[in-house]
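Report on the following structure.
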Amino acid sequence: MTLEGGTTSLKTPLEVAEKLHKHADMAMELLEILEANGNKEMEVTLHDIKTMASLGKYYAFKIAGSTQLALYRESKDKKYQEAAITELENALDAWKQYTKNGLEQNINPIWTNRVGYVDWVKTTEWVAQDIEIAKSG
Numbered sequence: 159m160t161l162e163g164g165t166t167s168l169k170t171p172l173e174v175a176e177k178l179h180k181h182a183d184m185a186m187e188l189l190e191i192l193e194a195n196g197n198k199e200m201e202v203t204l205h206d207i208k209t210m211a212s213l214g215k216y217y218a219f220k221i222a223g224s225t226q227l228a229l230y231r232e233s234k235d236k237k238y239q240e241a242a243i244t245e246l247e248n249a250l251d252a253w254k255q256y257t258k259n260g261l262e263q264n265i266n267p268i269w270t271n272r273v274g275y276v277d278w279v280k281t282t283e284w285v286a287q288d289i290e291i292a293k294s295g
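If you read the sequence shown in my numbering, its first letter stands for residue 159, the second for the next number, and so on.
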């Protein structure tokens, strides 16, 4: 990214989304070659990595979708709205995969120290609403 009179190491939202995709994809590729060899703790850890990779994919699609929607709202160019809807539909699919993976080892809702209870099933409804928001512009 360049600014008037120079450059910056700051990333655009679409660059951040791309980086998240790459990291999540790399984690999933590595999981294909790593083995737990009967070690229960390693099995759980590898599954956690898989779960977090799917969360990374969700955020990558969500960031890209939100950015495309902002571009649509600014320009009124339908290509951005269509891109936003596609990205947010992919985000919903990634969220569902994250939830599926997470529920294989956790309870729902789950208590987290940072935000309290997280209800993956309820959140799925909110993730789906993002698509409707993009459709309405």
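Where is the CB? At the ideal position from N, CA and C, for every residue including glycine.
Owing to the predicted nature of the structure, the values given are computational and were not obtained by experimental measurement.
Counting other Cβ atoms within 10 Å of its Cβ, glutamate 245 reaches 16 or more and is therefore classed as buried. A direct Cα-Cα distance of roughly 24 Å separates isoleucine 265 from alanine 185.
Per the coordinates, the alpha-carbon of lysine 169 lies some 20 Å from the alpha-carbon of glutamate 232. The three-state secondary structure of valine 273, taken from DSSP, is coil. Listed in chain order, the beta strand (DSSP E) runs fully inside the segment 184 to 244 amount to none, counting runs of at least 3 residues. Distance between glutamate 262 and alanine 222, taken at the CA atoms: about 28 Å. Across the structure, alanine 286 and lysine 208 are spaced so that their CA atoms are roughly 22 Å apart.
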